[in-house]
Each structure stands twice: as structure tokens, then as C-alpha cells.
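Novice: With numbering that gives the first Met the number 0, letter number 215 in the sequence shown gets 214, and the count goes up by one each step, no holes.
Sharing a structure here in C-alpha cells format.
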Amino acid sequence: MRKVCCLFLLLISRFVVVAQTTILPEQGQTITHSVKIQPGIYTFTPAHDSIAWLEINGQDITVDLSGVTLTGSTQLHTPNTFKGIAIRIRKGSSRIHIKQATINGFKVAILADSVNGLVIEQCQLSYNYRQELKSNLNREDVSDWLSFHHNEQDEWLRYGAAIYLRNCSKARILNNTATDGQCALMLTNCDSATVAYNNFSFNSGIGIGLYRSSYNQIYQNRLDWNVRGYRHGKYRRGQDSAGILVFEQSNENVFAYNSATHSGDGFFLWAGQYTMDTGLGGCNDNLIYGNDFSYAPTNGAELTFSRNIVMKNQIRDCDHGIWAGYSFESDFTDNDFAFNRIGIAIEHGQSNNIALNRFLYDKTGIKLWSRASQPTDWGYAKTRNTESRRYWIAANQFTAVETVYDIMGTDTVAFSGNIKMAQTTGLKLGERTNDIDSSREEDPLNIDYAPDERLKQIPVQKRPDPLFPKGREQIRITQWGP
0 MRKVCCLFLL LISRFVVVAQ TTILPEQGQT ITHSVKIQPG IYTFTPAHDS
50 IAWLEINGQD ITVDLSGVTL TGSTQLHTPN TFKGIAIRIR KGSSRIHIKQ
100 ATINGFKVAI LADSVNGLVI EQCQLSYNYR QELKSNLNRE DVSDWLSFHH
150 NEQDEWLRYG AAIYLRNCSK ARILNNTATD GQCALMLTNC DSATVAYNNF
200 SFNSGIGIGL YRSSYNQIYQ NRLDWNVRGY RHGKYRRGQD SAGILVFEQS
250 NENVFAYNSA THSGDGFFLW AGQYTMDTGL GGCNDNLIYG NDFSYAPTNG
300 AELTFSRNIV MKNQIRDCDH GIWAGYSFES DFTDNDFAFN RIGIAIEHGQ
350 SNNIALNRFL YDKTGIKLWS RASQPTDWGY AKTRNTESRR YWIAANQFTA
400 VETVYDIMGT DTVAFSGNIK MAQTTGLKLG ERTNDIDSSR EEDPLNIDYA
450 PDERLKQIPV QKRPDPLFPK GREQIRITQW GP
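Dropping the structure here:
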């Protein structure tokens, strides 16, 4: 009993000391124990991108920055000139907790590499780096296109970030705000993170980006207006901006109850260069559930060369509701589509189910097709069958859809129990089609599905309430972004 009491008193004593430790920070300082930073505004202008204002190294460290503003540049009207890192967490650190920081004017606000158990919460990370855009009100400039296809050497860092994590496990990114930058949260080789209740909106590039990152839970975030390359009535390119970006062998993630409206793509998933070269892998078995991907200039959700579940999302007023080229063994179930040019578009897909969806005033409901030949420089096409084939389309409802089905270059499609009201064309068949079975199209069909077990880990099962006007016509983009 005496040993227990002594241990208890020791722990209490240590807590009191930590709670009372307040420091006045200095540029280049390394923090190795829990501290509170003296409230105030601290300005440091780095000479180049590799310099950090503050570093953290060690285990079980809490850094309380309430009342602290770290400013890297006071020239907020030229964010393309911002340099350096505000806070860098060194490799090998673990259980680091950063809270209530306000950081602006840097290329990267918080950077961590090979850190386990990192917590970043209640931080204000807006007004950091972003490019100056050359597209204007009258024309697109192709130099504004982003490219996230490679990040083995941290190529993504050229675009800056509010938070950039590499090789981190079990991070918790909660209740942070990062707006008016280019990229908010970027994860590379990260796993088992929880990303929730953040506002990563009004950036010119990406809200949340994943590269080789798996088993993460991303829910209840505001990821609206992450967009570039759009002028209403003039051009709608998106230029690879997105609310959520998922690239290169990112598997088994859950994206649930996020709002990602008015973004270049609401959700943008690409299998990765490894898959394109070898035909192997992909970004597979992700659950995309209950999100709002409306008002995208291009695609509400784009998923290519992969196997996924897309369920119960709302997708309105996009060019394509879902673009799922080369998707295989995927489920597109119980989603709401409205006022899109095409609801679901799949090129060279295989063994996909499209069921229980609702289509309202889309020009085309479902479009399936293939090209007669494949690009000769694709390793993917050399090692895999790329025919468009084997679809089950069942229990969907189409209301005032001009063309319900538009199918060409596709084999083995079975229709069952779909309801069509006020359509102009029911089925438009093009060349190279075979075994299109509509014999049960008018038969009543009552089907349901079991909830994905992964949803049980999501504590709040609803999207954030909408804050912004509806419609793509509301998107306004300046030389610095939305």
C-alpha cells in the first residue's frame, strides 16, 4: 500500500510540474518534454523550405499553444512566397500531442515523419502556402493542373500543406481548421489514423489526401470548396483538385459522413502507378459511405482501376455523379443522384453491382462502355482482361431521366426490378453488345443489404449540416483559389 501511495504522489507531482512549465520559444528550439508556450505572436521568416521554427523530439510530450500565433511571413497577400515549417516532429518520436496552435504564413504548418500516436487537435492552420493561379474568368491555363501521381520522394511537399504526415501510425487529427491554403491534410504511408470533425475547406488543391495509406477512419469533416479550374459557363476542369484524394495502394479506409461539396472532384481515387505498370493491387476495399459530393465541376466521385463500396452518398449537379473507369467487383448501392449529366459512368468495368440507387433529372442514368482497343503503353492492359462485362443492375429508381441506360461495347448485363418514371429513352444500345438481359426488368424486386461492420466504429453517423449555398454557379475562384 505504501508503494502504491508513493507512486501516486510521484505521478501527481510530475503532472503539477508539467502543467506549470511555461516557456518563451526561440527559433530553432527543440522541445523534449511537455510545455506550455507563452501566449503571444511570434514571427519568423525562414530562408528556405527545410528550416523549422520549432522541433519536437521524444515520447509522451504535450505542447500547449493556446493563445500562441506562429507567423512565417507577414506578406499574406503573396502566399506563393511562403517558406519553411512551423513545427517539425522528429523521426522516432511517439505520443506527441499538439493543441490549440494558430499557424500561418508557412509552406508547411506541421510536419511529422515516423511518429506513432500523434495527436493534433483544435489548431487553426489557415492562410499558409498556395500557388498563384493563371486561369482567369475567360480561359483556363493548363499550367494550373495539379499532379499527385508520385510521392515516393515527398513530391507532394512542393504544394505545401497545413499538416503533412509520413510513416505515421495511429494519428488523431481532430477539430482543426485549415482553410485558404492549397492542401490541408496530406498522409503518406500512414495507417490507422482517425481524422474527424475538421474544417478543411476553401483550399485551392486538396482537403484530405492519402498516398499508400490504409486502415484510416475519416469522418464528419467539412471538405467543401477545395477547387480550382472552374468558371461557371466558361470551363469546368477541376484540374485534379478534390475534397478527398486517395492514390497509390491505399486500402481498407473508411470515408463516412463527410461534406465535400463544390470541390474539383468530391472524391478522387486512383489505383496508382504500380497498378498501371503491373496490373496488380489498386486502392481496394475502401468504404465510401454517407458523404455529400455534390456540385463538383467534374466528378462527384471518381474511382478507377480498383474495387470499392460506394454507398448512401448524395451526389447532385456534377458532370458525372460517379466516374468509375476500370472498376471491378465494386458495389454502387443506395446513393442519391440528381441533376448530373451522367449519374454513373463506367468504362471497361467488370463484375459490378448497381442497386437501390435513386436518379432524378440526370440526363443519363447509367452509362457503360468500352473502347475497341487499349493503349499499347499500359502494363495494366497487357496483364489483365479489360473487357466491359458482368453487371447486375437492380432495384434502382429513375425519375425524369432522359436516357436511363446507355450501353455499348459491353457483355452480360442483367436488369431486375428497376423503376422508371417519365423517361425519354429506356435503353440505348450501341455497337459490340451481347447478352443484355432485360427479361426481369419489370418484375418487382425487394432487396436490402447489411450495414458494413466498419461503420460501428463511427460515433456520429450523420454529415455536418450544410453551411454554403447550393449549386456550381456559386463557385468563385480568384488568382489564389476559392
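All C-beta atoms, glycine included, are put in the ideal place defined by N, C-alpha and C.
1) Confirm, please, whether the CB-CB distance from F338 to D318 is below 8 Å.
2) Write down every uninterrupted run of the beta strand (DSSP E) in the segment 21 to 88 whose length is 3 residues or greater and which is fully enclosed by it, in chain order.
3) From the DSSP output, in three-state form, read off R471 for me.
4) Taking the C-alpha atoms as reference points, what is the distance between D434 and M407?
5) Between the alpha carbons of A295 and R471, how many angstroms are there, rounded?
6) Let me check understanding here. Comparing Cα to Cα, which of A192, S65, G280, V403 lies closest to I457?
7) Take the Cβ of E346 as the centre, count every other Cβ of all protein chains shown within 10 Å, and call the residue buried at 16 or more, exposed below.
8) Going by the DSSP bridge assignment, what does M420 pair with across the sheet?
9) Kindly list the residues whose CB is nearer than 7 Å to the CB of K311, restricted to its own chain and excluding five residues on each side of it in sequence; keep chain order.
10) Using only CA atoms, which one of T44, Y390, S350, I321 lies nearest to I341?
11) Are the CB atoms of I392 and F414 within a distance shorter than 8 Å?
12) For a test of the three-state rule: what should DSSP assign to G480, helix, strand or coil?
13) Tell me T332's beta-bridge partners as DSSP assigns them.
14) Less than 8 Å between the beta carbons of P481 and W155, yes or no?
15) G425 and L444: beta carbons closer than 8 Å?
16) Do T31 and N56 have their beta-carbon atoms positioned less than 8 Å apart in this structure?
17) Please name the residue in V67, S142, A46 whose C-alpha comes closest to that of G39.
18) Locate the alpha helix (DSSP H) running through Y273, then write down its first and last residues.
19) Comparing C-alpha positions only, which one of G280, G271, A323, S262 sits nearest to R297?
20) Take S72 and list the residues in its own chain whose beta-carbon comes closer than 6 Å to its own, dropping the five residues that flank it on each side.
21) Hey, I314 and F336: beta-carbon distance below 8 Å or not?
22) Would you list the residues sitting across from L426 in a DSSP beta bridge?
23) Quick one, are the C-beta atoms of R87 and L64 less than 8 Å apart?
24) Closer than 6 Å by C-beta to D276: which residues in its own chain qualify, once you throw out the five before and the five after it? Chain order, please.
25) Can you tell me which residues form a DSSP beta bridge with Y390?
26) Ignore the nearest five residues each way along the sequence and tell me which others in I97's own chain have a CB closer than 6 Å to its CB.
27) So, are the CB atoms of T260 and F467 less than 8 Å apart?
28) Report the rounded CA-to-CA distance for L286 versus N307, giving the unit in angstroms.
29) For F266, tell me which candidate among D410, L23, L222 has the shortest Cα-Cα distance.
30) Once DSSP output is grouped into helix, strand and coil, what is the label at E120?
31) Tell me which same chain residues have a C-beta within less than 6 Å of the C-beta of R388, skipping the five on either side of it?
Specialist: Let me lay it out:
1) no
2) 28 to 30, 34 to 36, 39 to 42, 51 to 55, 58 to 70, 84 to 88
3) helix
4) 12 Å
5) 7 Å
6) A192
7) buried
8) T398
9) Y288, G289, D333, N334
10) I321
11) yes
12) strand
13) M310, A354
14) no
15) no
16) yes
17) V67
18) 272 to 277
19) One point to set straight first is that residue 297 is Thr, not Arg, in the sequence displayed. Ranking G280, G271, A323, S262 by Cα distance to T297 puts S262 first.
20) T44, F81, G104
21) yes
22) Y404
23) no
24) G378
25) N351, V412
26) V62, I119
27) yes
28) 6 Å
29) L222
30) strand
31) Q349, D410, T411
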